[in-house]
Amino acid sequence: MSKVTYIEQDGKSHTIDIQNGLTVMEGAIQNNIPGIDADCGGSMACATCHVYVKEEWFNKIPKKEDGEEDMLDMAFEPNKFSRLSCQITVTDDLDGLIVQLPSKQA
Amino acid sequence: MIKTDALIIGAGPTGLFTAHQLKLIGLDCEIVDNLDKIGGQCIELYPDKPIYDIPAIPECTGEELTNNLINQLKPFDIKFHLSERVEEVKKIDENWEVKTNKGTIFLTPNIIIAGGVGSFEPRKFAPKECEKYEDKSIFYSIKDKTIFSGKTVSIFGGGDSALDWAVELSSKSKVNLVHRRDEFRGAKSTLDKVYELEKAGKINLFTKYQLKTVKGDGNLKSIDIQHDNKDLKTLDTDFVLGFFGLIMQLGPIANWGLNIDKKTITVDTEKFETNQKGIYAVGDICSYPGKLKLILSGFHEGALAARACFKLARPNEKYRFEFTTSSKTIKNRLGVKGD
Chain A
823 MSKVTYIEQD
833 GKSHTIDIQN
843 GLTVMEGAIQ
853 NNIPGIDADC
863 GGSMACATCH
873 VYVKEEWFNK
883 IPKKEDGEED
893 MLDMAFEPNK
903 FSRLSCQITV
913 TDDLDGLIVQ
923 LPSKQA
Chain B
22 MIKTDALIIG
32 AGPTGLFTAH
42 QLKLIGLDCE
52 IVDNLDKIGG
62 QCIELYPDKP
72 IYDIPAIPEC
82 TGEELTNNLI
92 NQLKPFDIKF
102 HLSERVEEVK
112 KIDENWEVKT
122 NKGTIFLTPN
132 IIIAGGVGSF
142 EPRKFAPKEC
152 EKYEDKSIFY
162 SIKDKTIFSG
172 KTVSIFGGGD
182 SALDWAVELS
192 SKSKVNLVHR
202 RDEFRGAKST
212 LDKVYELEKA
222 GKINLFTKYQ
232 LKTVKGDGNL
242 KSIDIQHDNK
252 DLKTLDTDFV
262 LGFFGLIMQL
272 GPIANWGLNI
282 DKKTITVDTE
292 KFETNQKGIY
302 AVGDICSYPG
312 KLKLILSGFH
322 EGALAARACF
332 KLARPNEKYR
342 FEFTTSSKTI
352 KNRLGVKGD
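These protein sequence lines are chains A and B, in that order. The opening residue of the first sequence carries number 823 in the working numbering; numbering runs sequentially from there. The opening residue of the second sequence carries number 22 in the working numbering; numbering runs sequentially from there.
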């Protein structure tokens with residue numbers, strides 16, 4: 823189990839325990855965190871699980887595959903800390919991870 | 022008004038195989054899809070990506086799977102209504118009346134929703150004020166390219182649509198191409214052409230920029246774009262085109278009185294029927310305990326829903342289960358000779 827914190831646009835924060843091996847997207851969906859749609863179910867095909875990773879965590883996460891950067895072109899207001907949460911797998915190293923949610927997904 | 026035994030909403034793999042199952046048991050059906058082509062997510066989201074978990078097919082792309090399913094439907098005459106979206110549903114006696122956004126009306130005892138994650142709609146620009154100019158100066162697809170002749174057009178996006186249109190329109194318009202990063206995902210040959218046209222002064226390229234705001238007084242006058250480093254630039258422009266691909270939205274189906282949980286429709290696992298009699302949901306859009314969002318599950322769900330349709334479409338007949346290997350009737354429907 824690792825703790826992941828999701829912060830909504832208005833600052834409201836949700837910290838949940840996620841089993842290692844699940845993705846940050848799956849953790850959000852299973853715990854009804856608002857603001858993550860994940861329309862394609864995690865196949866890196868839709869960019870509706872877009873999050874901004876807190877700066878201090880960004881470089882600790884395994885790097886993006888090419889396909890993820892391409893999908894982020896489709897995301898709503900991406901920035902340099904943008905990731906698709908379906909591509910971030912929770913591990914002990916990411917215990918305490920903080921991600922911010924965009925104002926909307928599409 | 023079109024009368025049919027079953028109306029399928031969605032022409033993705035599940036919808037296509039469900040049509041096959043309906044025709045096999047002697048029911049007719051028509052298919053509506055909001056996309057302009059057959060194939061659903063397979064063709065829109067991952068035509069070139071290999072799929073490895075279709076039974077008996079070790080590997081195939083989304084496009085190959087779609088083509089195979091279309092081939093499998095060849096013996097049958099099935100009418101497709103593409104680029105149409107279902108809007109309203111009304112119960113009329115024992116039937117459902119379904120209206121599309123183009124005014125087509127269907128009357129059917131059975132509606133099978135095979136809508137994936139919903140209908141595909143273009144992704145739009147973030148700034149709210151863009152709505153005011155939509156379909157006047159801001160477009161997400163091009164119907165008539167002649168309107169851009171002699172005008173300034175600012176194109177946003179990094180994929181094939183953005184690059185293709187930048188090249189195409191640069192011959193008769195002043196073109197700005199704006200993208201949020203340095204790399205483009207479009208075809209290399211097109212990209213080379215874009216760079217060539219940039220050198221020749223035909224295309225102005227702005228990378229690491231995104232749209233900040235649009236300005237005008239009824240007519241679009243200019244746009245502000247913002248660099249990653251926060252620098253703002255104003256571009257005079259007559260038209261803005263956004264090519265950010267498509268997003269899936271449940272759309273009007275959400276208002277049909279169906280039990281919906283997390284954007285999926287709750288069904289039983291005998292008929293894949295919703296809480297409304299004669300309305301079924303199959304494929305990614307349905308949910309039940311243990312649901313797997315796999316194409317193979319959609320095939321199974323469609324086969325069962327098709328059998329359930331028989332009862333309402335032929336109330337006075339008894340459905341009899343038959344194998345394709347041995348049934349003369351089925352072979353006749355398939356147009357193959359029995360032995």
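Just so you know, even glycine gets a beta-carbon here, dropped at the ideal spot from N, CA and C. Remember, it's a predicted structure, so these values are computed and weren't measured experimentally.
- Can you tell which of A:E899, A:T913, A:N881 and A:S865 has the C-alpha that lies nearest to the C-alpha of B:V138? Per the Cα distances, A:S865.
- Contact list for the stretch 266-292 of chain B against chain A, Cβ threshold 7 angstroms: For the stretch 266-292 of chain B, residues whose beta-carbon sits nearer than 7 angstroms to a beta-carbon of chain A comprise G266, I268 and M269.
- Give me the Cβ distance between B:G304 and B:E322, rounded to the nearest whole Å; I'm assuming they're in contact under 8 angstroms. 7 angstroms
- Message: Does the CB of B:K314 have a neighbour CB from chain A at under 8 angstroms?
- Response: yes
- Contacts of A:E899 in chain B (Cβ-Cβ under 9 angstroms): A147 and Q231
- Near-chain A residues of the stretch 333-355 of chain B - C-beta to any C-beta below 7 angstroms: none
- Message: Since B:A334 and B:L48 should fall inside the 8 angstroms C-beta cutoff, what is the C-beta to C-beta distance between them, to a whole number of angstroms?
- Response: 5 angstroms
- Message: Closest to B:K314 by C-alpha separation, out of B:G278, B:R341 and B:I286, would be which residue?
- Response: B:I286
- Message: Quick check: the Cα distance between B:K251 and B:I52, rounded to an integer number of angstroms?
- Response: So the alpha carbons of these two residues sit roughly 48 angstroms apart.
- Task: Put B:P34 into one of helix, strand or coil per three-state DSSP.
- Result: Helix, per DSSP.
- Message: To be precise: take each residue of the stretch 229-257 of chain B, compare its Cβ to all Cβ atoms of chain A, and keep it if any distance is under 9 angstroms. Which residues remain?
- Response: Q231 and D249
- Message: On the DSSP bridge list, what partners appear for B:I300?
- Response: B:I132
- Have a look at B:C151, B:S194, B:G179 and B:G178 and flag the residue whose alpha-carbon is nearest the alpha-carbon of B:K166. B:S194
- Query: Of all the CB atoms in chain A, is at least one closer than 8 angstroms to the CB of B:Y309?
  - Reply: no
- State the CB to CB distance for the pair B:C307 and B:L43, rounded to an integer number of angstroms; the pair is presumed to be in contact (CB under 8 angstroms). Wrong, their Cβ atoms sit about 17 angstroms apart, outside the cutoff.
- Item | Entirely enclosed beta strand (DSSP E) segments - the stretch 856-899 of chain A, minimum 3 residues | 872-875
- How about B:R206 and A:D895: are their beta carbons less than 8 angstroms apart? In contact: B:R206 and A:D895 (Cβ atoms closer than 8 angstroms).
- Same chain only: Cβ atoms within 7 angstroms of A:T911, ignoring 5 sequence neighbours per side: G843 and T845
- Item | Neighbourhood of B:A27 by C-beta distance below 7 angstroms, restricted to the same chain and skipping five residues each side | L43, L48, C50, T129, N131, I133, C330 and A334
- Are B:I64 and B:K70 closer than 8 angstroms when you measure CB to CB? no
- Task: Determine which residues share a DSSP beta bridge with A:D839 and list them.
- Result: A:K825
- Limits of the alpha helix (DSSP H) - the one that A:Q852 falls within: V846 to Q852
- Message: I'd like the list of long-range same chain contacts for B:L253, defined as Cβ closer than 6 angstroms, with 5 residues on each side in sequence excluded.
- Response: D245 and Q247
- Task: Look at B:G272 and B:S140 and say whether their C-beta atoms are less than 8 angstroms apart.
- Result: For B:G272 and B:S140, yes; Cβs fall inside 8 angstroms.
- Query: Going straight from the alpha carbon of A:N881 to that of A:T837, what length do you get?
  - Reply: C-alpha separation (whole angstroms): 21 angstroms.
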